[in-house]
Every structure is written in structure tokens, then in C-alpha cells.
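What follows is one structure encoded as C-alpha cells, with my remarks underneath.
Residue numbers (the numbering used here): 6 to 286.
Right, here's the structure in full:
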């Protein structure tokens, strides 16, 4: 059975990342993740998933116009973005991939085009999920998203129409809460921009808002550190009763307090910012 640490890495403690460090992602690491991904099951071993890794500044600029405002800044700052696509003519490979070579005829032909399309989309989506798990398993952090114009991405990257985009994944090594505050990319600010600011990041140019989001990000980091230290010490001491109590006390009650402080501080900072705006005359 898979150990607890592995389950934490790939699922339980993994989170969607919006801020990444500058550490580059090597081709070897991407190949390792792709090698793991391909072993995930798909119907008739169809494996229609296709992955394009957008890394260079030129390629990122090619992707930029298709991104929603919410996703634009964080995608341009990420070390690498994967376009998860699917091959609408995946069935051409079935004689090699599947034990029944005649399976190609299940999908080949104009009258079966709709079946081929939905099969490619469904199984390509599965492979995108497998890739996220594989990427986490090899040490990468992921930021999957669907806020973009598929038609624009397809026109820019797949002009022949055979491959079609499904969703995007920003990849890299996530900046922890403390690191994001230190590098003036506070996670709380990015969350606020998505939830309340329509994806706009103008707060980065506002000293008051930036300062508020930095301190709130550090507050959240402190909460997680306290929980980790206390529960880790109790676990190592085999204090199962106190560990259970701490999981209750340091979960929803502490979380509620930190959420309340965050909402109060953000409201105060944004309200003060609005008061400073010049009045219309």
C-alpha cells in the first residue's frame, strides 16, 4: 500500500499554486512526469492526451492573448505552462497501442467523428489529471486552470486542427507563503485578486494593499507552522489523545479566527484605499 507521505504529496496536502519560485523546471523532470503519466489507464489504451510545454518568453507571449485577465499575470510569471490537449485522430495509433488492431475502425470515418471527438476529450482529460499527479510525484507544483480562450490557443499552437486544447497547467516549484511575502508576491493578494478584483493585480502597485497582503500571508504561514509543529510533536510523542484534541482545536476554530482577521484587514485596507481616491467634481 502507498505510504502516507506519498498520499500527502500527490493529493491530501497538495494545493493549486499561483506563485512559483524562479527555479527552472528541467526537461528531465518533465520527461519523468510524462513517463509516469502514460501508465494511467484510458479506454482501449487510446492515450489521446498531448502536452505542449510553453517555456520561452516568445512562446509565453504567444499564449498571453488567450488568457483571461485572472490568469494572465500568474501564467506569465510561472516558469512553465503545459497546454493539455487531445489528438482528435488518436485512433490512428490504436493498431500499435491496443491489442485489437481492428479497433481503429471503431472511430475512423466521418460518421464516427463525434464518437472519436468525445472519446479523445474524455480520455485526454483523464491523462491531464494523471499528469498532475505524476508532476507532484516528481516534486513539481501545479496550477491547473481553464480561464482562457480555447479557440485562440488552438489557432496559435495547433493551426492544423488535429490537436485541440483542453486546459492549462502552470508548473514549477511553488513559493511557500513566507517566500511569496518575501518576494513581494503574497499569496493572499493573488487569492483576493481572483475572488474580489476580477483577476486584476493593481494592488501590487498600492503600498497599503501590498503591505496588508504581505502581513496576512505571513499570518497564514504562522497558522500552518503552529499546526505542523504542535501536531508533529504530539505524533512523535505518541500522544494520540492530545493529537486528536489538537486536530480539532487547531483546525476549524483557528482557521475561523484567521479568516476573520483576513477579512477584517482586507476590508479595512481596501476601504482606506477607496477613501484616498480623488472625488469627482
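No residue lacks a Cβ here, since even glycine has one placed at the ideal position from N, Cα and C.
_Exposure label - residue 38; buried when at least 16 CB within 10 Å_ = The residue is buried, with at least 16 neighbouring Cβ atoms inside 10 Å.
_Residue range of the unbroken alpha helix (DSSP H) whose run includes residue 247_ = Counting along the chain, the alpha helix (DSSP H) containing residue 247 begins and ends at 245–254.
*Decide if residue 287 is buried, meaning its Cβ has at least 16 other Cβ atoms within 10 Å, or exposed.*
Because residue 287 is not part of the residues shown, which for the chain are 6 to 286, the question remains open.
*Extent of the continuous beta strand (DSSP E) run through residue 231*: Looking at the DSSP string, residue 231 is not in any beta strand (DSSP E); the run it does join, the alpha helix (DSSP H), is 212–241.
*Same chain, Cβ closer than 8 Å to residue 167, neighbours up to 5 away in sequence not counted*: Excluding positions up to five away in sequence, the list reads 92, 93 and 94.
*Close beta carbons around residue 79, own chain, < 8 Å, minus the five adjacent residues each side*: Excluding sequence positions up to five before and after residue 79, its CB lies within less than 8 Å of the CB of 23, 24, 148, 175 and 195, all in the same chain and listed in chain order.
*From the DSSP output, in three-state form, read off residue 149 for me.*
In the three-state reduction of the DSSP assignment, residue 149 falls in the strand class, which pools E and B.
*From this set, 248, 71, 145 and 35, which residue's C-alpha is nearest residue 234's C-alpha?*
Out of 248, 71, 145 and 35, 248 has the C-alpha closest to the C-alpha of residue 234.
*In the DSSP assignment, what residue or residues form a beta bridge with residue 175?*
DSSP, once it has assigned bridges, lists 86 and 148 as partnering residue 175.
*To the nearest angstrom, how far is it from the Cα of residue 27 to the Cα of residue 106?*
Approximately 46 Å, taken between the alpha carbons.
*DSSP beta-bridge partners for residue 57?*
Paired residue(s): 88.
*Exposed or buried, what is residue 262 when buried is set at 16 or more other beta-carbons lying within 10 Å of its beta-carbon?*
Around the beta-carbon of residue 262, fewer than 16 other beta-carbon atoms lie within 10 Å, marking it exposed.
*Distance, Cα to Cα, residue 136 vs residue 276?*
Residue 136 and residue 276: Cα-Cα distance of roughly 42 Å.
*What is the rounded straight-line gap between the Cα of residue 77 and the Cα of residue 110?*
The straight-line gap from Cα to Cα measures roughly 42 Å.
*Mind checking whether residue 30 and residue 177 have CB atoms under 7 Å apart?*
In contact: residue 30 and residue 177 (Cβ atoms closer than 7 Å).
*Residues bridged to residue 170 by DSSP?*
Its beta-bridge partners are 90.
*Would you mind reading off the limits of the alpha helix (DSSP H) that contains residue 100?*
Where residue 100 is concerned, the enclosing alpha helix (DSSP H) stretches over 99–102.
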